[in-house]
Every structure is written in structure tokens, then in C-alpha cells.
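Numbering (our numbering), first residue to last: 1165 to 1376. Each residue gets a CB set at the ideal place from its N, CA and C atoms; glycine is no exception.
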Ligand code: AP5
Ligand code: MG
């Protein structure tokens, strides 16, 4: 399975990719997670990308493509979360797929209005122990110790950065819907539904009718 999850910040790309990866056994590749891990490592590359990340700007294409490529080559079944984000990256992905002789199965566009997204991002928490994504109200962390946490806010979930990320999404990433619709790969999913319902719709769209 090779599926792209496309959608604005807070639509639930990471949330859904984590759930789907568990259910269908595909690898979850999140370029945002790759960027944050590099920053945390304190490497030279991490220092170069930190400022882009914190301001909500895109990391330059040539850097992000180099960072993502080993993961694409490594796994034969993946869910791509946060990549590609513009036409140059979509073309780089085409090239990488051509090199390994594979194609895309589907592009899932998660759709939700901007005002719902801001509420989701401001309540988001991520577990430092497991990387799992939660929401203080909509999907609270377990209280039984199953996930030891701590549950922290992301550095780029500030109001300014959220606004900038959404602006970039509408300007550069949303046009990819037409890019993939022209190839007959695009399926839109209503991301305003509850988390399990969204998962079910995606499973239906990729032809896996397992119950979420
Ligand atoms: P990235 O980590 O990808 O962040 P993002 O694009 O801002 O997207 P988010 O992770 O904020 O949204 P999401 O859709 O995953 O939402 P989530 O599932 O967490 O990228 C970060 C940065 O890295 C970029 O700004 C850039 O600098 C760099 N970068 C990454 N990729 C790049 C690329 N390709 N090119 C260049 N630069 C790149 O859900 C959000 C919240 O909502 C959670 O709290 C969740 O619990 C809750 N929630 C989810 N679904 C529901 C639901 N159905 N109902 C209620 N609550 C829900
Ligand atoms: Mg995410």
C-alpha cells in the first residue's frame, strides 16, 4: 500500500496515519516527525531546519526531499503524512517511485474548516515516550499509565506559526488536490467527523473494509 495523506494542519494526518499503520501494517512516514527528530538530535542539519519549523515555514525542497528519500526507499508499504507539500515535492516523489518501479494507490484529502483546525492544534499534546498524538478534550491521554508521557505541546503550535502554516497550506499544498485528481487518485474524506469514523472512511477508500 502506498498512500498519501493530504490535508491542512490539524486535519488529523498524524492521528489517522498512526491508527492506519497499526491496522494495515504499513509504515507511517511523517516528514514533520523526521524534522523534529533531527532538531532534537542537535545535529548540524537539525540546526539548519529548526528555524523553518518553529516559524511554520516549509523546509527548502532539496533538504526535505533528501531527508524523506531513505524512508521511501526503505519501506515497501507506507502512509505518507506531510509530504509532498507542493508541486516540486510531488514531482520528486514521482521520480523516487519511478526509480523503484512502484506507483501510488491513493491520495486521501482530509477536509475540515480552518476554525476547527485552530481549536485542534491549540489542544494537541504529543507523548514524549511513545510519539502518540492526543487532544486535551477530543482524545485525552490515558490515565491508566498505558502511555507514561509526558504530554507536551509542539514548539510550532503557537498562534503565529499555526496561522502561517495554514496560509502556506492553502497557497502551496491545496493545489495538489487537482494535481492528483487529474490522475484519478484523489479521494476526499470529511475530517470533521469523530476520529474512528474518519479512519473507517479512509479504510473504505483504500479498499480495506476492516472496522475501525
Ligand atoms: P508537520 O509535523 O507535518 O505539521 P503540520 O503540517 O503543521 O501538520 P500537523 O502535524 O499540525 O497536523 P496533522 O494533520 O498531523 O494533525 P494531528 O493528527 O496532529 O510539519 C511540521 C513542520 O515540519 C512544517 O511546518 C515544516 O517546517 C516542516 N515540514 C514537514 N514536512 C515538510 C515538507 N514536506 N516540506 C517542507 N517542510 C516540511 O491532529 C491535530 C489535533 O487534532 C490532535 O490533538 C488530534 O488529537 C486532534 N484530532 C485529530 N483528528 C480529530 C478529529 N477527527 N476530531 C477531533 N480532534 C481530532
Ligand atoms: Mg502531523
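Q: Please state whether DSSP places residue 1303 in a helix, a strand or coil.
A: By one-based count along the chain shown, residue 1303 stands at place 139. Strand.
(Q) Please report the distance separating the alpha-carbon of residue 1289 from that of residue 1317. (A) Working through the chain shown from its first residue, we reach residue 1289 at position 125. Working through the chain shown from its first residue, we reach residue 1317 at position 153. Each residue's Cα considered, the two are about 5 Å apart.
Q: Could you tell me if residue 1173 is buried or exposed, where buried requires 16 or more neighbouring beta carbons within 10 angstroms of its beta carbon?
A: The residue labelled residue 1173 in the question sits at position 9 within the chain shown. With 16 or more other Cβ atoms within 10 Å, it is buried.
Q. So the alpha helix (DSSP H) residue 1354 belongs to, where does it begin and stop?
A. By 1-based counting over the chain shown, the position of residue 1354 is 190. Per DSSP, residue 1354 belongs to no alpha helix (DSSP H); it is in the beta strand (DSSP E), 1350 to 1354.
Q.
Considering only DSSP beta bridges, list what residue 1225 is partnered with.
A. Residue numbering aside, residue 1225 sits at position 61 when the chain shown is read from its first letter. Answer by DSSP bridge pairing: none, since residue 1225 is not bridged.
**Q.** Counterpart residues of residue 1168 in DSSP-defined beta bridges
**A.** One-based indexing of the chain shown puts residue 1168 at position 4. Per DSSP, 1244, 1271.
Q.
Do residue 1320 and residue 1217 have their beta-carbon atoms positioned less than 9 Å apart in this structure?
A. As a working mapping, residue 1217 is identified with position 53 in the chain shown. As a working mapping, residue 1320 is identified with position 156 in the chain shown. Yes.
Q: Measure the C-alpha to C-alpha separation of residue 1192 and residue 1184 and round it to an integer number of angstroms.
A: Translated into positions along the chain shown, residue 1192 becomes position 28. Translated into positions along the chain shown, residue 1184 becomes position 20. Across the structure, residue 1192 and residue 1184 are spaced so that their CA atoms are roughly 8 Å apart.
**Q.** Status (buried if at least 16 other CB within 10 Å, exposed otherwise) for residue 1300
**A.** Working through the chain shown from its first residue, we reach residue 1300 at position 136. Label assigned to residue 1300: exposed.
Q: Note the first and the last residue of the continuous beta strand (DSSP E) segment covering residue 1291.
A: Here residue 1291 corresponds to residue number 127 of the chain shown, with the count starting at 1. Segment 1288 to 1291, the beta strand (DSSP E) holding residue 1291.
Q. Does the ligand MG have even one heavy atom less than 8 Å from the beta-carbon of residue 1342?
A. Residue numbering aside, residue 1342 sits at position 178 when the chain shown is read from its first letter. For the ligand MG, not one heavy atom lies less than 8 Å from the Cβ of residue 1342.
Q) For residue 1188, which three-state DSSP category applies? A) As a working mapping, residue 1188 is identified with position 24 in the chain shown. Helix, per DSSP.
Q) When burial is assigned at 16 or more other CB atoms within 10 Å of the CB, is residue 1259 buried or exposed? A) Counting from one through the chain shown, the residue named residue 1259 turns up at place 95. Classification for residue 1259: exposed.
**Q.** Contact under 9 Å by Cβ, residue 1366 with residue 1180
**A.** For the purposes of this step, residue 1366 is taken as residue 202 along the chain shown, with counting starting at 1. For the purposes of this step, residue 1180 is taken as residue 16 along the chain shown, with counting starting at 1. Yes. Within cutoff.
Q. Can you check whether the CB of residue 1352 is closer than 9 Å to the CB of residue 1188?
A. Looking up residue 1188 in the chain shown gives position 24. Looking up residue 1352 in the chain shown gives position 188. No, the Cβ-Cβ distance between residue 1188 and residue 1352 is not below 9 Å.
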